[in-house]
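Novice: Reading the sequence shown from the start, the letters are residues 0 to 259 in numbering that gives the first Met the number 0.
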Amino acid sequence: MAQSEGAASARSEGSGAAAGREGPGGPIGPVLAVFTHPDDCEIACGATLARWAAAGAEVVVVVVSDGEKGSQDPAEDRRALVATRHEEARAAAAAMGAREVRFLDVVDGEVENTPALRAELVRTVREVRPARVLCPDPTAWFFGTGYYNHRDHRATGEAVLDAVSPAAGNPHFFPEQLADGLGVWKVRDVWLAPTLEPNHVEDVTGFVETKLAALACHASQLASDQLGFFREWIGREAAEAGARIGAEHGESFRVLNLED
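#1: Using DSSP with H/G/I as helix, E/B as strand and the rest coil, what is Ala49?
#2: On the three-state DSSP scale, how would you describe Glu258?
#3: If Ala97 sits next to Ala52, beta carbons under 8 angstroms apart, how far is it from one beta carbon to the other, in whole angstroms?
#4: Using only CA atoms, which one of Gly22, Glu87, His85, Val33 lies nearest to Gly272?
#5: Which ranges does the alpha helix (DSSP H) cover as unbroken runs of at least 4 residues, wholly within the segment 129-195, from first to last along the chain?
#6: Within a Cβ cutoff of 7 angstroms, which residues of the same chain sit near Cys216, ignoring the five residues on either side of it in sequence?
#7: If you follow the alpha helix (DSSP H) that Val81 is part of, which residue opens it and which one closes it?
#8: Are the segment 187-197 and the segment 129-141 touching by the rule of at least three beta carbon pairs closer than 8 angstroms?
#9: Helix or strand or just coil, what does DSSP make of Ser219?
#10: If we ignore side chains and look at the alpha-carbon of each, how far apart do Pro170 and Arg77 end up?
#11: Between Val200 and Ala240, which are expected to be in contact by the criterion C-beta below 8 angstroms, what is the C-beta distance as a whole number of angstroms?
#12: CA-CA distance, Asp202 and Glu231?
#13: For Gln225, is the classification buried or exposed, using 16 other Cβ atoms within 10 angstroms of its Cβ as the cut-off for buried?
#14: Among Gly28, Pro26, Cys44, which has the Cα closest to the Cα of Glu208?
#15: Hey, out of Thr204, Leu160, Ala246, whose CA is closest to Asn256's CA?
#16: How big is the Cα-Cα spacing for Ala115 and Ile244?
#17: Is the CB-CB distance between Ala167 and Val189 below 8 angstroms?
#18: Looking at the strands, I want to know which residues DSSP matches up with Glu250.
#19: Where do the ends of the alpha helix (DSSP H) carrying Val124 lie?
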């Protein structure tokens, strides 16, 4: 089901924040970013991933949905759109410096926290053996009065959390994978974004333009002057987050330290 494609000092806020073990500029060990649609991780944490990749971290991106409904045109060839969105995701991953992007190709609009999806995610965790996993916050529903987080995003966050713990680290979950030669793996920490309950701001000064360049790769999703909208909105959000830690730009996360 999954396809693999080659692609090319945390600062804490609040008493509950936990950044885990860090090297100079990023985490020690691989990073796995699992998000729903081909442009979601760029919007949620693209600057952070770019910063860590630049510092030497191996970043692997997983796109859960095939993105076939990313069009308002009733005559759109959805299979062709999926192919386009794969290519855009590869280009965006390369722009961020990610090592690899994988596609699970669950039908857009039909993402469910099922045993089948959890098995795919557990297999991915056991293969990549990440120190850190990033994914949507499944508890985040309402952002202001003009947007609410739709079900595919929430289901992805639930499935990733269930796959990370306890499943990936327990030999009794999907034991057939162990028979295939994969060992259990315990993830050190999980970073949730977007979130309504941030406890950590990552300093991404110098990487907002990289995030916007990655987002610009998703041309099929940027009708009219949407990139201009994102540039203004992302710049404002990054400046506000950065100000909370005395940095020029930041990205906010809800960090769960699973070693505590």
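Each residue gets a CB set at the ideal place from its N, CA and C atoms; glycine is no exception.
Quantities reported herein were computed from a predicted structural model and do not represent experimental measurements.
Specialist: Looking at the atomic coordinates:
#1: Under the three-state reduction of DSSP, Ala49 is assigned to helix.
#2: Taken through DSSP and simplified to helix, strand or coil, Glu258 comes out as coil.
#3: 6 angstroms
#4: The structure shown does not extend to residue 272, since the chain spans only 0 to 259, so no value can be given for it.
#5: 150-163, 174-178
#6: Contacts found: Glu87, Ala90, Ala91, Ala94.
#7: 77-95
#8: yes
#9: helix
#10: 39 angstroms
#11: Rounded to whole angstroms, the Cβ separation of Val200 and Ala240 is 5 angstroms, and the two are in contact under 8 angstroms.
#12: 19 angstroms
#13: exposed
#14: Cys44
#15: Leu160
#16: 41 angstroms
#17: no
#18: Note: Glu250 is bridge-paired with Glu201 in the DSSP secondary-structure output.
#19: 114-127
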